[in-house]
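Below is one structure, written out as structure tokens; the observations come after it.
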Amino acid sequence: MELIAGRMRGFKCFFFQCNFLLSLCNVRMKNFNTDTLAFSSEKGYGENSGLAVYVAQAIDPSIKWEDIKWLRGLTSLPIVAKGILRADDAREAVKHGLNGILVSNHGARQLDGVPATIDVLPEIVEAVEGKVEVFLDGGVRKGTDVLKALALGATAVFIGRPIIWGLVYQGEEGAKEVLQMLKEEFQLAMALSGCRSVKEIDTTLVRRTSSAVSKI
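So this note's numbering is basically just the index in the sequence shown, starting at one, shifted up by 448.
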């Protein structure tokens with residue numbers, strides 16, 4: 449089994465992805481191989497790699513919470529549910545023996561219009577009542593974003609795109625530079641907020657602004 453093999457390879461944890469069962473058509477990722485215009489009647493027009501179909505066939509969309517019991521029986525390693533955005537799902541994750549929750553909307557690429565992870569984080573933290581650790585990803589671009597997430601109850605944050613940007617810029621060294629920048633920004637934000645350690649970060653540091661948008 450892959451789970452057993454993963455443990456033998458030194459894995460410390462497994463992530464159970466809840467928000468990637470199906471995917472909408474990603475118009476933003478439409479790439480063209482030529483700058484010239486093409487007609488729909490031309491040979492090869494509209495062809496793609498078939499990746500979306502392959503992924504859809506490889507994933508069972510009928511999976512349910514009860515299947516966690518089967519998964520739990522395959523490994524003693526911690527299992528974290530990735531993709532939780534609702535308090536009731538967070539409680540279900542705890543009920544079924546998962547060890548952590550990663551609040552994630554998968555970059556809003558799976559379902560357009562889902563809430564930002566930072567907005568739903570407080571209700572997830574409240575729902576689990578400290579029984580499991582809660583992590584967050586999505587939209588973490590600056591050290592202040594890390595501070596906000598920790599202030600709202602996250603144990604830690606996961607960072608995706610900024611690391612990729614660093615890799616594109618200068619490979620491994622570029623990725624390290626991005627992490628160093630985020631670390632320095634986070635430390636500066638802590639200092640300017642009067643926090644001498646991570647333990648002093650709490651909800652008093654953040655305030656929800658009005659969701660109303662003014663337009664001229």
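Built from N, CA and C at the ideal position, the CB exists for glycine as well.
All values reported here derive from a predicted model rather than from experimental measurement.
TODO: Answer with buried or exposed for residue 614, where buried requires no fewer than 16 other C-beta atoms within 10 angstroms of its C-beta.
DONE: For the purposes of this step, residue 614 is taken as the residue at position 166 of the sequence shown. Classification of residue 614: buried, given that the 10 Å Cβ count is 16 or more.
Task: Separation of residue 526 from residue 459, as counted between CA atoms - done: Reading the sequence shown from its first residue, position 11 is the one you call residue 459. Reading the sequence shown from its first residue, position 78 is the one you call residue 526. Going by the C-alpha atoms only, they are around 10 Å apart.
Open item on the list: What would DSSP say about residue 604, mapped onto helix, strand or coil?
Closed with: For the purposes of this step, residue 604 is taken as the residue at position 156 of the sequence shown. Residue 604 falls in the strand class under three-state DSSP.
TODO: Buried or exposed for residue 655, please, with buried defined as at least 16 other CB atoms from any protein chain shown within 10 angstroms of its CB.
DONE: Here the question's residue 655 lines up with position 207 in the sequence shown. By the Cβ neighbour-count rule, residue 655 is exposed, with fewer than 16 other Cβ atoms within 10 Å of its own.
Open item on the list: If I measure Cβ to Cβ from residue 662 and keep anything under 7 Å in the same chain, skipping five residues before and after, which residues do I get?
Closed with: Stepping through the sequence shown from its first residue, residue 662 is reached at position 214. Any reading at residue 662 must be qualified, since the residue scores a pLDDT of 47, below 50, and its modelled position is unreliable; the value itself is stated next. Annotation for residue 662: no residue places its beta carbon closer than 7 Å to its own, counting only its chain and skipping 5 residues before and after.
Task: Close beta carbons around residue 542, own chain, < 7 Å, minus the five adjacent residues each side - done: Position 94 of the sequence shown, counted from the first residue, corresponds to residue 542. Shown here for residue 542: same chain residues with a beta carbon closer than 7 Å to its own, the five before and five after excluded, namely 576, 579, 580 in chain order.
Open item on the list: Just to confirm my understanding: we take residue 651, look at its own chain, exclude 5 residues before and 5 after, and list those with CB closer than 7 Å. What are they?
Closed with: Position 203 of the sequence shown holds residue 651. In its chain, beyond the 5 residues on either side, 599, 600 have a beta carbon closer than 7 Å to the beta carbon of residue 651.
- [ ] Compute the Euclidean distance between the alpha carbons of residue 624 and residue 531, then round it to the nearest angstrom.
- [x] To locate residue 624, count along the sequence shown from 1; it is residue 176. To locate residue 531, count along the sequence shown from 1; it is residue 83. The straight-line gap from Cα to Cα measures roughly 27 Å.
TODO: Pick out whichever of 535, 464, 539, 457 has its Cα sitting closest to the Cα of residue 507.
DONE: Position 59 of the sequence shown, counted from the start, is the residue given in the question as residue 507. Comparing Cα positions, the closest option is 464.
TODO: Answer with buried or exposed for residue 561, where buried requires no fewer than 16 other C-beta atoms within 10 angstroms of its C-beta.
DONE: What you label residue 561 is simply residue 113 of the sequence shown in a count that begins at 1. So residue 561 counts as exposed.
Task: DSSP state of residue 649 mapped onto helix, strand, coil - done: What you label residue 649 is simply residue 201 of the sequence shown in a count that begins at 1. Reduced to three states, the DSSP call for residue 649 is coil.
Task: Whole-angstrom distance between residue 572 and residue 524, CA atom to CA atom - done: Here residue 524 corresponds to residue number 76 of the sequence shown, with the count starting at 1. Here residue 572 corresponds to residue number 124 of the sequence shown, with the count starting at 1. In a straight line, the C-alpha of residue 524 is about 25 Å away from that of residue 572.
TODO: Use the C-beta contact count for residue 612: other C-beta atoms within 10 angstroms, 16 or more gives buried, fewer gives exposed.
DONE: Within the sequence shown, numbered from 1, the residue matching residue 612 stands at position 164. The residue is exposed, with fewer than 16 neighbouring Cβ atoms inside 10 Å.
- [ ] Ignore the nearest five residues each way along the sequence and tell me which others in residue 653's own chain have a CB closer than 6 Å to its CB.
- [x] As a working mapping, residue 653 is identified with position 205 in the sequence shown. Here the set comprises 599, 641.
TODO: Reducing DSSP to helix, strand and coil, say where residue 579 ends up.
DONE: The count along the sequence shown starts at 1 and reaches residue 579 at position 131. The answer is coil: DSSP assigns residue 579 none of H, G, I, E or B.
Task: Backbone secondary structure at residue 528 - three-state DSSP - done: Within the sequence shown, numbered from 1, the residue matching residue 528 stands at position 80. In the structure shown, residue 528 falls within a strand segment according to DSSP collapsed to helix, strand and coil.
Task: Proximity of residue 637 and residue 591 at Cβ, strictly below 8 Å - done: Sequence index remark: in the sequence shown, residue 637 carries index 189 (1-based). Sequence index remark: in the sequence shown, residue 591 carries index 143 (1-based). Residue 591 is positioned such that its CB atom lies closer than 8 Å to that of residue 637.
Task: N-terminal and C-terminal residue of the beta strand (DSSP E) that residue 551 is part of - done: For the purposes of this step, residue 551 is taken as residue 103 along the sequence shown, with counting starting at 1. Start and end: 548-551.
Open item on the list: Please state the DSSP three-state secondary structure of residue 459.
Closed with: Against the sequence shown, residue 459 aligns to sequence position 11. DSSP places residue 459 in the coil class of the three-state scheme, outside both helix and strand.
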